Amino acid sequence: MIQLLAPDGTRTPHPELDAVLEDAGLATPERLRGYYRDMVMIRAADLEATSLQRQGQLGLWASALGQEAAQIGAGHAAREQDYLVPTYREHGVAWARGIEPWRLLELFRGISHGGWDPNALRTHPYMIVLGSQAPHAVGYAMGLQRDGVVGTGDPGTDTSVLALFGDGASSEGEVAESFTFAASFQAPVVFYTQNNQWAISVPTQVQSRVPLAQRSRGWGIPSVRVDGNDVLAVLGAVRTALDAARAGEGPVFIEALTYRMAAHTTSDDASRYRPAAEEEEWAAKDPILRLRLHLEALGEIDEGFVTRCDEEAHDLAMQLHHHIHGMEDPDPVHMFDHAYAEPHPIVEADRADYLDYIAQFEDDEQTGERA
Amino acid sequence: MIQLLAPDGTRTPHPELDAVLEDAGLATPERLRGYYRDMVMIRAADLEATSLQRQGQLGLWASALGQEAAQIGAGHAAREQDYLVPTYREHGVAWARGIEPWRLLELFRGISHGGWDPNALRTHPYMIVLGSQAPHAVGYAMGLQRDGVVGTGDPGTDTSVLALFGDGASSEGEVAESFTFAASFQAPVVFYTQNNQWAISVPTQVQSRVPLAQRSRGWGIPSVRVDGNDVLAVLGAVRTALDAARAGEGPVFIEALTYRMAAHTTSDDASRYRPAAEEEEWAAKDPILRLRLHLEALGEIDEGFVTRCDEEAHDLAMQLHHHIHGMEDPDPVHMFDHAYAEPHPIVEADRADYLDYIAQFEDDEQTGERA
Amino acid sequence: MSSTTSSSLPIAKAITAALRDAMHADDKVLLMGEDIGPLGGVFRVTDGLHAEFGSQRVVDTPLAEAGIVGTAVGLSLRGYRPVVEIQFDGFVYPAYNQITTQVAKMHNRTSGLVTVPMVIRIPHGGGIGAVEHHSESPEALFAHTAGLRILAPATAQDAYWMTRQAIECEDPVIMLEPKRRYWVKGDVDPDHRPELSAWQAAVVRPGLDATLLAWGPSMPLALESAEAAAADGIDLEVIDARSLAPVDYPTIVESVRRTGRLLIVHEAPVLGGLGGEIAARVTEQCFYHLEAPVLRVGGYHLPYPPARMEHAYLPDLDRVLDGVDRLLEH
Amino acid sequence: MSSTTSSSLPIAKAITAALRDAMHADDKVLLMGEDIGPLGGVFRVTDGLHAEFGSQRVVDTPLAEAGIVGTAVGLSLRGYRPVVEIQFDGFVYPAYNQITTQVAKMHNRTSGLVTVPMVIRIPHGGGIGAVEHHSESPEALFAHTAGLRILAPATAQDAYWMTRQAIECEDPVIMLEPKRRYWVKGDVDPDHRPELSAWQAAVVRPGLDATLLAWGPSMPLALESAEAAAADGIDLEVIDARSLAPVDYPTIVESVRRTGRLLIVHEAPVLGGLGGEIAARVTEQCFYHLEAPVLRVGGYHLPYPPARMEHAYLPDLDRVLDGVDRLLEH
Ligand SMILES: Cc1ncc(C[n+]2csc(CCOP(=O)(O)OP(=O)(O)O)c2C)c(N)n1
Ligand SMILES: Cc1ncc(C[n+]2csc(CCOP(=O)(O)OP(=O)(O)O)c2C)c(N)n1
Ligand SMILES: [Mg+2]
Ligand SMILES: [Mg+2]
């Protein structure tokens with residue numbers, strides 16, 4: 003397992019990844035402070051979302067607590083032109099892509115099935131049918147090959163795709179088929195699993211008795227295992243892999259070992275299936291604490307910065323709170339808007355029926371009767 | 003690649019497999035002659051089936067020409083109590099299981115969707131949706147575990163499953179999911195691919211850029227690659243794997259390298275996609291010739307035996323010919339018999355409608371009019 | 010229901026009891042699915058069964074629906090009676106090939122030599138404020154395929170007994186469980202097998218003016234609508250279809266011949282939904298008795314909408330009564 | 010059809026021509042599937058296109074249907090217009106999850122920000138003496154899902170133009186190609202876009218006594234039946250549905266209001282088939298014009314039978330005329 007930062011913040015040199023990080027300017031003290039801030043921000047947003055769910059403002063929330071390094075690292079490893087294909091728990095990745103947290107909450111609140119423009123933000127919508135996004139990622143990468151934006155040598159041109167899925171989702175046949183297509187066409191795609199040890203109540207061992215990273219070797223796709231709570235290891239490994247993909251060297255698979263600190267979602271009760279001791283063990287490997295210890299050892303962080311981050315995070319949480327409390331429910335008539343891109347007579351007829359039906363109540367309100 | 007018999011019949015020692023073959027009494031001269039006879043018989047049946055198709059007696063035929071060693075070897079490697087799960091081109095396997103060739107032809111003639119009793123013959127029906135049989139094999143193996151017939155140490159009790167699929171089918175997600183289940187539950191199942199180089203017109207390289215045998219390593223499932231035109235290598239490898247599975251050591255994957263000498267089916271035209279030179283190259287590796295050369299080198303075969311085999315094969319072909327020419331079309335009313343195991347009012351109503359409808363013609367025949 | 014052994018149970022717990030009793034009655038019955046072990050399933054339907062029967066009979070599987078259903082086929086060939094849980098309706102499609110080409114066809118393919126007695130349990134329907142793919146009603150996507158049976162219980166007693174009968178059936182059965190009503194209680198009498206078989210429809214409220222047909226999660230709405238209509242002087246007969254494949258046409262036809270009118274209510278989109286087939290068949294069999302076309306109230310031709318719009322998508326009291334009005338206007 | 014550029018082509022070749030012309034017109038169009046490259050597909054529909062356009066635009070894929078459809082989604086997000094070939098109807102189910110939860114829903118999921126313009130070509134229907142899974146008619150299994158469109162051409166001209174229009178459409182389109190008629194010739198005029206859009210039904214034979222609705226591979230049977238009925242003095246109006254999702258109800262309803270009778274013919278099993286939905290809708294819209302219930306002639310509620318029984322399963326002239334008789338008896 004690749005680790006650049008030990009849980010106590012100690013920095014282990016890693017010649018290959020250190021060079022990558024340095025070249026890319028991804029590990030300057032300023033950048034490190036930025037990752038710290040990012041992680042603090044999304045953790046606060048995440049906790050606020052859980053509390054919004056408890057207040058009835060969200061139908062559900064899938065917390066990414068504990069996975070901040072795995073997500074912020076991966077998100078920042080990508081270049082702007084890359085296309086990212088997340089699952090439904092990728093709040094840190096979304097943050098790194100510049101997607102405001104309230105956009106994520108639209109889905110969990112139940113006002114839309116997806117909250118942002120995938121093309122503008124170069125980030126696929128959150129996907130809920132596990133594994134189904136993996137072939138999309140590969141297909142997109144096949145498109146990049148056809149567009150001639152792979153292996154040109156120009157870093158502003160060469161483009162790749164980051165396909166994310168969980169340890170549980172890795173068992174879906176569609177993920178395996180994605181490996182097949184990616185390998186066959188040497189598509190510029192990096193598969194990235196956050197092995198957070200659990201698929202709801204099922205431990206990763208049920209999905210694989212060997213390290214999950216080994217899975218892609220069956221297709222000759224090289225793979226690495228990184229400490230997913232180590233933002234530098236993630237950054238280095240993902241950037242290396244994406245660069246290789248961009249250069250036309252084909253797909254890579256990365257397994258990031260991390261931990262889902264919260265329950266699966268706000269509907270879940272993790273105490274039914276996992277021991278508190280395990281949670282404590284992983285709490286000691288907290289990704290945010292680790293980076294802070296490292297920055298402290300470097301002398302690159304001070305109380306003022308930490309406090310400022312906490313304040314900003316608090317502000318973000320408040321902003322989120324107000325934003326969500328102020329969100330109006332959409333007029334249901336909009337459900338008819340986008341089933342099809344071109345006009346569709348049945349949908350139009352259904353919309354007309356709906357409007358007629360609604361109009362009855364407006365009439366009733368005037369006459370005071372049921373239609 | 004494991005090879006015990008070179009194309010010219012030379013025997014290479016292989017301490018491990020030789021011991022397995024010897025222990026099992028699978029490589030006695032008598033047995034070797036038996037395999038030779040089997041291969042000659044099924045090749046004759048196969049050629050006859052092609053000619054029956056040309057005569058309009060079969061709708062289609064999928065020839066297994068060239069794959070005789072891969073199939074006879076695998077079929078005989080299994081013990082009687084094992085359950086075999088074929089695809090649709092497993093005529094040698096079926097033969098080794100004691101399934102008469104005309105039972106196979108029922109499907110290709112179009113009088114039934116499957117020709118034998120899977121339970122009595124411990125052989126799954128031929129399966130056409132590629133890969134779909136693989137999870138059945140794993141589930142059956144999970145049943146064996148629950149029945150307590152795995153790892154008891156009693157060779158008459160311990161049971162395993164042989165799951166067959168082609169190089170093309172190996173890309174189906176359901177095959178990958180089967181690996182996942184088999185690995186997770188350490189089910190007593192051996193996955194066996196006849197890599198006959200082609201999936202219709204698509205070469206194996208499109209399914210995998212690395213040796214296909216490597217595929218299962220992604221799950222930590224051990225694998226071997228054998229010369230599929232070498233009946234001894236196949237026998238030894240499959241028997242070893244099945245024995246390990248029976249002993250409770252979990253799944254194994256075997257890739258047998260062989261060649262589909264004929265076109266994909268009688269509907270296919272292989273000249274559209276593959277060079278004649280390739281066909282010639284593989285003709286030189288013919289599995290039947292190879293075993294004969296080996297037997298000759300051993301001095302364990304004489305002209306008389308060869309002639310007798312050819313005569314028996316000719317008789318079999320004739321028998322097949324007569325059997326098929328004598329086959330009557332089933333009364334279509336039987337199509338209503340087995341859609342459900344328990345009574346079903348819609349099927350009964352449909353059957354009644356059909357019979358009423360048919361009865362009109364019988365009446366018409368009497369009265370001479372259209373209903 | 011007057012038995013001394015009957016007790017009041019939520020629908021989810023009635024199914025738990027049915028699974029437990031079936032597992033005690035036949036040691037070939039086993040359960041498979043995602044999170045059905047220690048967690049007891051996301052709806053807790055298998056709660057306690059892993060502790061009671063162990064990992065060999067309550068199997069937490071890898072996360073792969075085709076694998077779950079496909080291995081269940083293999084287990085059934087080996088003499089087991091697997092009861093598979095699909096976590097939500099919207100996640101059944103990765104197993105669609107196995108269900109459509111294998112589960113449904115194995116018995117026919119082998120000319121009856123092999124049976125595939127298995128049950129596929131699917132919590133179905135909407136109205137729970139969920140995210141995408143958690144609120145679907147896919148019955149029509151299975152009812153068209155010969156070889157499958159589909160049951161949709163609406164009460165705790167039916168949930169118990171239909172589950173028992175599904176497990177006993179030699180054919181594969183899809184159980185559509187009324188997700189939104191899992192915690193609604195009802196009397197269950199596990200000691201007395203009801204006379205009405207799982208494959209029959211039930212007239213749950215006799216009436217004269219029109220027939221209202223529904224099933225599963227829509228049944229309470231159907232009954233509520235009948236009460237509301239009664240207040241307006243309209244006497245609706247309410248039928249619970251119970252079995253969706255096969256549908257019990259004799260019971261429905263008998264009712265419609267009497268009332269001359271039929272309204273079908275289901276959550277699935279009307280277009281291509283099961284209501285269309287029922288309407289077509291009933292019209293064929295009741296043509297001269299019908300005073301109005303068979304009408305349907307159901308989902309629009311849209312993907313199931315986000316939670317905060319679902320109230321407008323799902324049939325509700327007003328939409329059903331509107332349908333009744335339109336039916337009676339004829 | 011009188012154009013000087015029109016020529017007589019088999020349906021398969023008309024589709025080849027449409028694919029070629031579409032690929033010349035728009036370099037974002039590409040083809041994907043099993044064996045569609047050097048072999049030209051098992052039905053030779055892509056014959057010559059690999060040689061003409063190369064491996065980047067005519068892609069022989071690995072053997073995995075979900076992968077094919079799923080990567081096509083990704084390509085379409087990148088601005089391509091993939092035309093996917095599924096080798097036979099019975100092999101579309103491994104891709105069912107992608108089609109139902111992804112292809113159909115991506116546009117809606119993203120509130121219209123993303124389009125998924127792709128075509129899924131499926132040779133469909135029976136009557137070719139094939140083995141299991143090669144003769145199915147799965148239209149109802151897709152028509153229920155909002156977000157999809159389905160076209161079913163019956164003639165070479167329609168095959169050409171409907172393929173062109175499917176490729177141009179911003180929505181995903183499933184093309185059901187009449188497998189059994191691939192080698193039947195007809196005039197194709199690739200230079201003059203017909204006035205009738207792909208989404209409209211066509212009255213292909215006017216008549217007075219009853220309407221006969223069919224599509225795709227059943228069209229020749231429908232026309233033949235009308236001729237035979239004419240010999241018995243029965244004047245049938247024949248409609249080719251052409252688009253199965255959406256169905257062009259105005260054209261059908263207009264006809265049925267005139268004739269008062271409708272017979273629907275399709276190869277899929279009647280139970281749960283598309284005919285049920287059409288019957289229900291037409292009955293709703295034509296109730297007071299109908300002199301008989303809408304009747305359907307189609308497959309029985311069975312898995313498609315072995316080849317030597319299929320003649321008894323498939324609708325044929327006698328079964329259609331029997332249906333017409335029953336319709337007129339009312
Ligand atoms: C095809 C499919 N099956 C089942 C589910 C239900 N489900 C949602 S999340 C989940 C567990 C996913 O685990 P993993 O992939 O490890 O991701 P994590 O939740 O740990 O981030 C399950 C079973 C689903 N969304 N899609
Ligand atoms: C799911 C599925 N997709 C497509 C097909 C059509 N098909 C039949 S055989 C075949 C090629 C199979 O190749 P392989 O698995 O290597 O077996 P082989 O024919 O070489 O024995 C294809 C594509 C099918 N039967 N099932
Ligand atoms: Mg996980
Ligand atoms: Mg092959």
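Chains as they are written, first to last, in the working numbering: chain U, 3 to 373; chain G, 3 to 373; chain R, 10 to 339; chain V, 10 to 339. All residues carry an ideal CB built from backbone N, CA and C; glycine is no exception. Note that the coordinates shown come from a computational prediction; the quantities given were computed from them, not determined experimentally.
| Item | Value |
| --- | --- |
| Distance between residue 186(V) and residue 62(G) (C-alpha atoms, nearest Å) | 22 Å |
| Contact belief for residue 57(R) with residue 180(G) at Cβ below 8 Å, rounded distance in angstroms | With a Cβ gap of about 31 Å, residue 57(R) and residue 180(G) do not count as contacting. |
| Closer than 7 Å to chain V by CB, residue 174(G) | yes |
| Where residue 348(U) meets chain R, residues with beta-carbon distance less than 7 Å | 280 and 310 |
| Separation of residue 41(U) from residue 159(U), as counted between CA atoms | 29 Å |
| Residue 383(U) Cβ short of 6 Å to ligand 3 heavy atom set | There is simply no residue 383(U) to check, as chain U begins at 3 and stops at 373 in what is shown. |
| Residues that residue 178(R) contacts on chain G, provided the C-beta gap is smaller than 9 Å | 343 and 344 |
| Rounded separation between residue 135(V) and residue 129(R) - CA only | 30 Å |
| Integer Cβ distance of residue 341(U) from residue 311(R), believed to fall under 8 Å | 5 Å |
| Residue 73(U) beta carbon less than 7 Å from that of residue 198(U) | no |
| Cβ-Cβ distance between residue 102(V) and residue 109(R) below 7 Å | yes |
| Interface positions of the stretch 99-131 of chain V facing chain U (Cβ-Cβ less than 7 Å), listed along the chain | 106, 107, 110, 111, 116, 117, 118, 119, 120, 121, 122, 123 and 124 |
| Closest by C-alpha distance to residue 116(U), when choosing among 127(V), 227(V) and 115(V) | 115(V) |
| Any non-hydrogen atom of ligand 1 within 6 Å of residue 111(V) CB | no |
| Rounded distance between the beta-carbons of residue 208(R) and residue 257(R), thought under 8 Å | 6 Å |
| Partners in chain U for residue 87(V), counting only beta-carbon separations shorter than 9 Å | 85, 141, 142, 143, 144, 145, 146, 148 and 149 |
| Assigned secondary structure, residue 194(V) (DSSP; H/G/I helix, E/B strand, else coil) | strand |
| Inter-residue Cα distance where the pair is residue 145(G) and residue 143(V) | 31 Å |
| Coil, strand or helix - residue 340(V) by DSSP | Residue coverage of chain V in this structure runs from 10 to 339, which leaves residue 340(V) outside it and unanswerable. |
| Status (buried if at least 16 other CB within 10 Å, exposed otherwise) for residue 320(U) | exposed |
| Three CB pairs or more closer than 8 Å across the stretch 49-62 of chain U and the stretch 206-220 of chain U | no |
| In DSSP terms, what residue 197(G) is bridged to | 259(G) |
| Proximity test, residue 169(G) beta-carbon vs ligand 4 heavy atom, cut-off 6 Å | yes |
| Pick from 235(R), 219(R) and 240(R) that is closest to residue 269(R), judged by C-alpha positions | 219(R) |
| Bounding residues of the beta strand (DSSP E) (the contiguous stretch that carries residue 274(R)) | 271-278 |
| Rounded distance between the beta-carbons of residue 297(G) and residue 38(G), thought under 8 Å | 6 Å |
| Where residue 209(U) falls, given that 16 or more other Cβ within 10 Å makes a residue buried | buried |
| Neighbourhood of residue 121(R) by C-beta, 6 Å cutoff - its chain only, sequence neighbours within 5 removed | none |
| DSSP three-state assignment for residue 133(V), whether helix, strand or coil | strand |
| Start-to-end residues for the alpha helix (DSSP H) that takes in residue 281(G) | 278-285 |
| The stretch 316-334 of chain G touching the stretch 45-54 of chain G, judged by at least three CB pairs closer than 8 Å | yes |
| Proximity of residue 343(G) and residue 172(R) at Cβ, strictly below 7 Å | no |
| Interface residues of the stretch 60-73 of chain R facing chain U [CB-CB below 7 Å] | 69, 71, 72 and 73 |
| Residue-level contact to chain G via CB, residue 2(R), 7 Å cutoff | The requested residue 2(R) does not occur in the structure, where chain R is confined to residues 10 to 339. |
| Near-chain V residues of the stretch 285-302 of chain R - C-beta to any C-beta below 9 Å | 285, 286, 287, 288, 289, 290, 292, 293, 294, 295, 296, 297, 299, 301 and 302 |
| Backbone secondary structure at residue 297(R) - three-state DSSP | helix |
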